[in-house]
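Colleague: Protein chains in written order, with the working numbering: chain A, 82 to 344; chain B, 4 to 91.
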């Protein structure tokens, strides 16, 4: 039984593409057959985050328009043999694909893959409608900032209106020291406001930038973000994993400076 | 700044949370600012019949106190209307 997951956020730059890359890589590492679909037509990026930008021949729009078979457009990942990427078209726009075409393509992919993960573009226009059309469940990504949370709330409303079966929240780019001194909303604050189940907390980590620079997802490695993404993968697979305890990592020095910041 | 003030100062995280709560309620019920403005002027007109009010600094907002969960079943309209003088 395959599952179609859309990774969405509303606001741009909160980490949809990074989450998609890491989730897909983590699920493939766990032995699942996974395909990642970049639905951001005109602004594709999942290929560079995955480090597969040099292997693109055909893309999503070619498949939909019947210029190639689905298999020809799928790029096999460097690291995991059961992971594939369907890149988006760079020279077209969102109107090149319709929601019904997406559903048709996803239904074909369902036969071959355990997980189909869709990287949704920012915004709530046609690109968003295309991305959510065939999805069974959604991961809503937000950061603990007012603008990102407001957009996430709007997205949750739209996903509910489109009857997406299950919604889960990922709080990304959490700055633990700022939360400690009260200058950033905590994960509890964010999940209280958005009121959907929490599936992951990803701390703000420089290693994410380094990993993106290298085109290597960091899921599963020893970095904070790598461990956080690994836990998200396990939870998507249905395992119950406790949330990482960031409190322990707060040094005495941070506590002292945090006290001064508050005053 | 008094010592008491220092200890009761809201953190920016708390301010963000409070602002979002109010913002999202109006976002979710899909009530446009124009409509809110119309409601406000209508309320002001009715109340003005009976007492003198400060229409410039009156505020109205739709909230739901103690709400958990996304479904706003019983939102409440709060109107904060400063009274200048009670007519008799």
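In this text, a Cβ means the ideal position worked out from N, Cα and C, and glycines have one as well.
Keep in mind it's a predicted model, so treat the numbers as computed, not measured.
Could you please give me the residues that DSSP links to residue 54 of chain B through a beta bridge?
Modeller: Answer is B:89, bridged to residue 54 of chain B.
Colleague: Cutting at 7 Å between CB atoms, please list the residues of its own chain near residue 292 of chain A, excluding the five before and the five after it.
Modeller: Correct list, in chain order: 298, 299.
Colleague: Thinking residue 95 of chain A and residue 253 of chain A are a contact (beta carbons under 8 Å), I'd like their distance in whole angstroms, please.
Modeller: That belief holds up - the Cβ atoms of residue 95 of chain A and residue 253 of chain A are roughly 6 Å apart, short of 8 Å.
Colleague: Check whether the Cβ of residue 238 of chain A lies closer than 8 Å to any Cβ atom in chain B.
Modeller: Residue 238 of chain A counts as touching chain B.
Colleague: What is the rounded straight-line gap between the Cα of residue 138 of chain A and the Cα of residue 177 of chain A?
Modeller: The straight-line gap from Cα to Cα measures roughly 18 Å.
Colleague: Would you call the region 188-203 of chain A in contact with the region 86-95 of chain A, where contact means no fewer than 3 C-beta pairs closer than 8 Å?
Modeller: The region 188-203 of chain A is in contact with the region 86-95 of chain A.
Colleague: Can you grab the Cα-Cα spacing for the pair residue 13 of chain B / residue 312 of chain A, in whole Å?
Modeller: Roughly 34 Å between the two C-alpha positions.
Colleague: Report yes if the C-beta of residue 276 of chain A is less than 7 Å from at least one heavy atom of the ligand MG; otherwise report no.
Modeller: Here there are no bound small molecules, and the ligand MG is not part of this structure.
Colleague: Can you give me, in chain order, the residues of the region 256-269 of chain A that have a beta carbon less than 9 Å from any beta carbon in chain D?
Modeller: Absence of chain D from the displayed structure is noted, the protein chains being A and B.
Colleague: Residue 196 of chain A by DSSP, collapsed to three states: which one?
Modeller: Of the three classes helix, strand and coil, the one that applies to residue 196 of chain A here is strand, per DSSP.
Colleague: Within the continuous alpha helix (DSSP H) that includes residue 136 of chain A, where are the two ends?
Modeller: Residue 136 of chain A -> no alpha helix (DSSP H), and no H or E assigned at all.
Colleague: From the DSSP secondary-structure annotation, give me the bridge partner or partners of residue 81 of chain B.
Modeller: Paired residues: B:64.
Colleague: Ends of the beta strand (DSSP E) at residue 254 of chain A?
Modeller: Segment 247-255, the beta strand (DSSP E) holding residue 254 of chain A.
Colleague: Give every residue of the same chain whose Cβ lies closer than 6 Å to the Cβ of residue 18 of chain B, excluding the five residues on either side of it in the sequence, and list them in chain order.
Modeller: Correct list: empty, nothing qualifies.
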